[in-house]
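Novice: This is the structure I want to talk about, given as structure tokens.
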Amino acid sequence: MYEKRNGSEIVASLAGDRPYWRLGAADVGRWVGSLPPSATQDNVSRVEWVGEAWDGISDVFVGDPSWGRDLKAGDLIKLLGKLRSGMRTLGIERIAPPEPSDVRIFRTAATAVLIIDIDFIDFILPLAIDGVRSMGKRPPSSATVAAEMLKFVKGADAMRVGVVRREEGMRRAMEETAAVIGHGAAPLWLRLRHVPHYDDPEHLLEADYVVLFATLNEKLVWAPTGSERIHTVQEVRDHQSYYCPTHGERAAMLEELLASNSAGRISQTALALIVDKGLDPGETLKEAISAGMADRHGAVHFERGKTQESLYVQDGVLLLSLSFPGGHYFQNRLTVSGDYPPSVVAQAKHKLFCDFVDHPALAGRDLKVTDVVEHERSLEIHHAARSFPVEQSSREAEGHSTAD
27 MYEKRNGSEI VASLAGDRPY WRLGAADVGR WVGSLPPSAT QDNVSRVEWV
77 GEAWDGISDV FVGDPSWGRD LKAGDLIKLL GKLRSGMRTL GIERIAPPEP
127 SDVRIFRTAA TAVLIIDIDF IDFILPLAID GVRSMGKRPP SSATVAAEML
177 KFVKGADAMR VGVVRREEGM RRAMEETAAV IGHGAAPLWL RLRHVPHYDD
227 PEHLLEADYV VLFATLNEKL VWAPTGSERI HTVQEVRDHQ SYYCPTHGER
277 AAMLEELLAS NSAGRISQTA LALIVDKGLD PGETLKEAIS AGMADRHGAV
327 HFERGKTQES LYVQDGVLLL SLSFPGGHYF QNRLTVSGDY PPSVVAQAKH
377 KLFCDFVDHP ALAGRDLKVT DVVEHERSLE IHHAARSFPV EQSSREAEGH
427 STAD
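In our numbering, each residue's number is its place in the sequence shown (first place is 1) plus 26.
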């Protein structure tokens with residue numbers, strides 16, 4: 027059920043004998059294509075900034091849906107040929123001629139951009155055809171685009187020392203950051219954000235980078251994550267604070283589940299709901315995992331009068347969520363609406379949850395209030411987090427069934 031390789035091993039399998047920063051869209055796409063839909067849903071992975079590898083034969087739409095146009099595959103092949111011959115004329119020593127495998131497509135709901143990765147050996151320059159200059163007028167010819175790209179390439183070569191120095195600093199920061207995050211986290215992608223081919227190469231030293239790591243997400247799936255607006259080494263290092271606490275906890279949970287060959291754990295309140303409904307804990311966990319893999323917000327849903335009940339998996343644990351008139355319960359805390367006098371707030375701690383809400387999942391005599399937070403017109407009541415391996419949960423559920 028869970029991937030046994032860690033992020034470092036996954037990236038190494040993609041890269042072979044190449045450094046990670048030389049990975050192409052096809053390499054990353056091969057891995058991402060094997061992941062469940064939730065891993066890249068809602069742009070959470072930022073992998074859309076890597077884009078899709080061009081297949082070498084299809085036309086490519088670029089620009090806004092309302093005014094964009096198709097770039098014919100034959101014209102793209104001709105453009106690559108003009109770039110290769112033009113680079114030979116430029117006489118740049120450290121550069122590799124672009125091939126169809128160096129072409130990728132960046133797509134969002136708002137636009138599509140064709141990117142040609144120009145390999146300067148020391149770094150990779152992503153030049154983009156975004157279709158902007160075609161808006162409302164005849165698009166430039168492939169000869170014009172090739173000439174503009176070659177002009178940019180020549181300017182970028184003149185900036186090579188500065189670009190390489192900056193990128194080497196980024197690479198070191200990525201590698202050191204992944205080491206600090208630890209537990210198998212790895213650098214996956216480091217590249218300049220695509221730049222319009224008609225832009226000024228002098229802007230390269232201020233251009234943003236796309237930075238992606240391979241880390242564990244909330245479904246305990248190794249997946250890409252990062253940022254597309256990285257400008258400084260410090261911004262790369264800031265990912266330590268983003269990922270360190272949660273990634274370490276997820277890695278420990280994954281290690282525990284793999285070692286015990288378990289599908290996961292079930293929280294105290296989720297198990298209480300399962301028992302109340304006479305469900306099988308293992309089958310319910312499996313259903314919730316499947317829902318979460320298909321959709322980041324996926325869950326197993328029930329209704330009880332005006333109360334919405336949901337069971338969802340996060341970080342390897344099946345959790346309960348309740349929503350009812352006047353309040354909700356989520357991640358070990360109950361929020362109830364209303365203005366409460368200080369005496370109620372003061373006495374709430376160490377009371378039972380069932381003193382505040384009537385629901386079978388919160389009726390346990392050992393479900394005690396551990397903390398109370400007063401907000402304007404609401405009260406937030408916490409209890410200690412408890413969970414059990416699904417195998418133990420199944421035995422407890424059978425015990426309840428037998429007792430009934």
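Positions of the beta carbon are idealized from the N, C-alpha and C atoms, including for glycine. All values derive from a computational prediction rather than experimental measurement.
For leucine 231, which of helix, strand or coil comes out of DSSP?
Specialist: Leucine 231 falls in the helix class under three-state DSSP.
Novice: Exposed or buried, which one is alanine 410 when buried takes at least 16 other CB atoms within 10 Å?
Specialist: exposed
Novice: Is arginine 421 close to chain C? Criterion is C-beta to C-beta, closer than 7 angstroms.
Specialist: The structure shown contains no chain C; it holds only a single protein chain.
Novice: Look at the Cβ atom of leucine 346, then the Cβ atom of leucine 299, and state whether they are nearer than 7 angstroms.
Specialist: yes
Novice: Cutting at 6 angstroms between CB atoms, please list the residues of its own chain near arginine 263, excluding the five before and the five after it.
Specialist: Ala199 and Thr203
Novice: Suppose you measure from the CA of alanine 154 to the CA of threonine 241; what does that come to, to the nearest Å?
Specialist: 29 angstroms
Novice: For glutamate 309 and tryptophan 57, what's the separation of their Cα atoms in angstroms?
Specialist: 29 angstroms
Novice: To the nearest angstrom, how far is it from the Cα of alanine 314 to the Cα of valine 237?
Specialist: 31 angstroms
Novice: Looking at the structure shown, is tryptophan 93 part of a helix, part of a strand, or coil, going by DSSP?
Specialist: coil
Novice: Is the beta carbon of glutamate 29 closer than 7 angstroms to that of tryptophan 248?
Specialist: yes
Novice: Helix, strand or coil for histidine 265? Go by DSSP, reduced to three states.
Specialist: helix
Novice: What residues in its chain sit with their C-beta under 8 angstroms from that of proline 386, if we drop five residues either side in the sequence?
Specialist: Ala298, Leu299 and Asp302
Novice: Is the Cβ-Cβ distance between alanine 289 and leucine 305 less than 7 angstroms?
Specialist: Taking C-beta atoms as the reference points, alanine 289 and leucine 305 fail to come closer than 7 angstroms.
Novice: Helix or strand or just coil, what does DSSP make of glycine 252?
Specialist: strand
Novice: Aspartate 183 lies in the alpha helix (DSSP H); which residues open and close that run?
Specialist: 168 to 184
Novice: Roughly how many angstroms lie between the CA atoms of proline 91 and isoleucine 142, to the nearest whole one?
Specialist: 21 angstroms
Novice: Pair every Cβ in the segment 113 to 124 with every Cβ in the segment 66 to 85, then say whether three or more of these pairs are closer than 8 angstroms.
Specialist: no
Novice: Give me, in chain order, the residues of the same chain whose beta-carbon lies closer than 8 angstroms to that of isoleucine 147; leave out the 5 immediate sequence neighbours on both sides.
Specialist: Arg120, Ile121 and Ala122
Novice: Using only the alpha-carbon positions, how far apart do alanine 172 and histidine 223 sit?
Specialist: 9 angstroms
Novice: Just mark histidine 229 as buried or exposed, buried being the case when its beta carbon has 16 or more other beta carbons within 10 Å.
Specialist: exposed
Novice: Could you give the uninterrupted runs of the beta strand (DSSP E) lying entirely in the segment 280 to 336, keeping only those of 3 residues or more?
Specialist: 291 to 293 and 326 to 330
Novice: To the nearest angstrom, how far is it from the Cα of glycine 89 to the Cα of glutamate 400?
Specialist: 51 angstroms
Novice: When the Cα atoms are used, what is the spatial distance from aspartate 128 to glutamate 35?
Specialist: 24 angstroms
Novice: What residue range is occupied by the uninterrupted alpha helix (DSSP H) comprising glutamate 35?
Specialist: 33 to 41
Novice: For the alpha helix (DSSP H) holding tryptophan 57, just list the boundary residues, first then last.
Specialist: 51 to 58
Novice: When the Cα of glutamate 194 is compared with those of Lys108, Glu329 and Trp47, which residue comes out closest?
Specialist: That would be Trp47, whose Cα lies nearest to the Cα of glutamate 194.
Novice: By Cβ distance below 8 angstroms, which residues in the same chain neighbour alanine 182 in space, the five residues on each side in sequence not counted?
Specialist: Ile144, Phe146, Leu151, Val189, Pro227 and Leu230
Novice: Out of Ala374, Ser413, Gln340 and Asp101, state which residue places its alpha-carbon closest to the alpha-carbon of arginine 276.
Specialist: Residue Gln340 is the option with its Cα nearest to arginine 276.
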